[in-house]
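Going by full-length UniProt numbering, the letters in the sequence shown line up with residues 1 to 91, in that order.
Every residue gets a Cβ at the ideal spot worked out from N, C-alpha and C, and that includes glycine.
All figures in this text were calculated on a predicted structure; none of them were measured in a lab.
Written out below as structure tokens is the structure these notes cover.
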Amino acid sequence: MSSEKTGEQEKTRGPNNFTMAIAVKLTGVDPYRIRKYEEGGLLTPERTEGHQRLFSEKDIEIIKQAAKLEDEGINVEGIKAILAMRRGERK
Numbered sequence: 001m002s003s004e005k006t007g008e009q010e011k012t013r014g015p016n017n018f019t020m021a022i023a024v025k026l027t028g029v030d031p032y033r034i035r036k037y038e039e040g041g042l043l044t045p046e047r048t049e050g051h052q053r054l055f056s057e058k059d060i061e062i063i064k065q066a067a068k069l070e071d072e073g074i075n076v077e078g079i080k081a082i083l084a085m086r087r088g089e090r091k
């Protein structure tokens with residue numbers, strides 16, 4: 001018996017295990033905003049062979065933080081800088 005899993009089982013295991021639909025449910029952030037954060041360089045989700053995004057737990061936390069900051073009126077570049085400072089990185 002193979003240890004490979006298919007379909008939804010495959011999408012829910014491993015370090016990058018949340019599809020866009022699940023990321024939306026977990027964060028309450030709409031897909032448009034999540035794609036905007038990706039395009040802005042805030043996160044880089046893995047992709048399946050079919051090019052479907054798979055988000056890690058770290059990505060989910062970034063999405064939540066980014067949405068909160070954006071709701072406060074901060075643009076994506078500002079969010080990037082704030083998240084980098086929180087991680088102790090310098091620009």
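Burial state of residue i (16 or more Cβ within 10 Å)
i	result
residue 72	exposed
residue 30	exposed
residue 27	buried
residue 81	exposed
Expected contact under 8 angstroms - CB spacing of residue i and residue j to nearest Å
i	j	result
residue 35	residue 67	Not quite, the Cβ-Cβ distance comes to about 13 angstroms (not below 8 angstroms), so this is no contact.
residue 96	residue 54	A question about residue 96 goes unanswered here, because the residues of the chain that appear run from 1 up to 91.
residue 23	residue 62	Wrong, their Cβ atoms sit about 11 angstroms apart, outside the cutoff.
Boundaries (first-last residue) of the alpha helix (DSSP H) holding residue i
i	result
residue 26	20-27
*For the 8 angstroms Cβ check, are there 3 or more pairs between the stretch 70-81 and the stretch 37-48?*
yes
*Enumerate, from N- to C-terminal direction, the unbroken beta strand (DSSP E) stretches of 3 or more residues contained entirely within the UniProt domain "HTH merR-type" (17-85).*
53-56
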